[in-house]
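Numbering (this note's numbering), first residue to last: 122 to 400.
Here is the structure:
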């Protein structure tokens with residue numbers, strides 16, 4: 122259908138389908154990413170502040186996939202991502218590190234959780250230093266993001282920690298922490314560009330070329346020319362005329378004449394062969 126062809130007497134045949142194999146990489150979008158060693162209380166925290174219900178158990182690597190939870194305070198809300206626990210060398214891919222770290226890339230704010238009841242007795246200062254090192258080694262920009270570093274499991278803490286602490290199990294310190302996170306998220310949103318810019322890549326118009334065949338005939342090579350012929354039903358006068366019109370619009374007729382194609386020569390386009398007739 123077109124303005125000058127409102128009741129066509131022919132139909133296009135369509136094209137052969139195309140097949141593609143694509144590798145897609147999923148990166149979660151969240152306002153806050155929970156970062157910590159395995160079993161640092163990240164899943165307990167997100168289940169305490171949102172409706173998310175991740176698997177929680179008293180052993181490392183309980184969480185193998187990120188979990189998202191929505192937190193609401195009054196009229197404000199934010200999305201928190203529970204990232205599986207990181208280990209030393211995560212930035213180099215150890216322990217599926219790259220699979221986990223990529224989900225942090227789009228977070229506006231980082232909440233670094235320090236396990237104050239670590240069964241491996243990692244010193245809190247060491248935990249904070251090691252986690253920030255892995256983040257910076259993977260993507261330097263991550264250590265420049267707004268962040269809060271806070272101790273977890275205050276109700277059963279066995280390690281000394283001079284910083285702030287919370288207990289997701291008892292609720293100690295959780296509400297003030299959420300308020301601070303909301304403020305940081307709001308500031309990060311305000312500082313973000315007004316809107317994402319998308320660059321649309323359009324393919325350049327494909328040309329065509331004409332070659333002489335060993336049998337004395339000619340062949341027109343080029344997707345646009347081949348498509349003009351393949352789409353039309355050449356057994357119908359309307360379809361044949363439409364294909365000729367499209368080829369002429371592409372400049373195929375002029376190119377054939379310039380190439381020295383003589384009336385009566387066989388010209389092949391795609392899977393079709395024609396006897397050339399000069400206008």
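Glycine included, each C-beta is placed from N, C-alpha and C at the ideal position.
If you're wondering where the values come from, they're calculated on a predicted model, not measured in any experiment.
> How long is the line joining the alpha carbons of residue 342 and residue 392, rounded to whole angstroms?
Replying inline: Numbered from its first residue, the chain shown carries residue 342 at position 221. Numbered from its first residue, the chain shown carries residue 392 at position 271. Rounded to the nearest angstrom, the two C-alpha atoms are 11 Å apart.
>> Given this structure, state the Cα-to-Cα distance separating residue 237 from residue 284, to the nearest angstrom.
In response: Reading the chain shown from its first residue, position 116 is the one you call residue 237. Reading the chain shown from its first residue, position 163 is the one you call residue 284. In a straight line, the C-alpha of residue 237 is about 11 Å away from that of residue 284.
>> From the DSSP secondary-structure annotation, give me the bridge partner or partners of residue 236.
In response: To locate residue 236, count along the chain shown from 1; it is residue 115. Note: residue 236 sits in a beta bridge opposite 273.
>> Check whether the region 329-341 and the region 277-297 are in contact - that is, three or more C-beta pairs closer than 8 Å.
In response: no
> CB-CB under 8 Å to residue 252, same chain, minus the five flanking residues each way: which ones, in chain order?
Replying inline: Here the question's residue 252 lines up with position 131 in the chain shown. The answer, listed in chain order, is 156, 157, 158, 207 and 233.
> The beta strand (DSSP E) with residue 348 in it runs from where to where?
Replying inline: Numbered from 1 along the chain shown, position 227 holds the residue referred to as residue 348. Run containing residue 348: none in the beta strand (DSSP E); it sits in the alpha helix (DSSP H), 344-351.
>> I'd like the ranges of any beta strand (DSSP E) spanning at least 3 consecutive residues and lying wholly in the region 294-341.
In response: 330-333
> What residue from 140, 242 and 353 has the CA that sits closest to residue 278's CA?
Replying inline: The sequence position of residue 278 within the chain shown is 157, counting from 1. Out of 140, 242 and 353, the CA that lies nearest to the CA of residue 278 is found in 242.
>> Bridge partners for residue 286 per DSSP, in chain order?
In response: Against the chain shown, residue 286 aligns to sequence position 165. In DSSP, residue 286 forms a bridge with 272.
> If we count the other Cβ atoms within 10 Å of its Cβ and call it buried at 16 or more, is residue 321 buried or exposed?
Replying inline: As a working mapping, residue 321 is identified with position 200 in the chain shown. The residue is exposed, with fewer than 16 neighbouring Cβ atoms inside 10 Å.
> DSSP three-state call for residue 373: helix, strand or coil?
Replying inline: For the purposes of this step, residue 373 is identified with residue 252 of the chain shown, where counting begins at 1. Assigned with DSSP and collapsed to three states, residue 373 falls in helix.
>> Comparing C-alpha positions only, which one of 201, 231 and 192 sits nearest to residue 265?
In response: In the chain shown, residue 265 corresponds to position 144, counting from 1. Put simply, of 201, 231 and 192 the residue whose alpha carbon is nearest the alpha carbon of residue 265 is 231.
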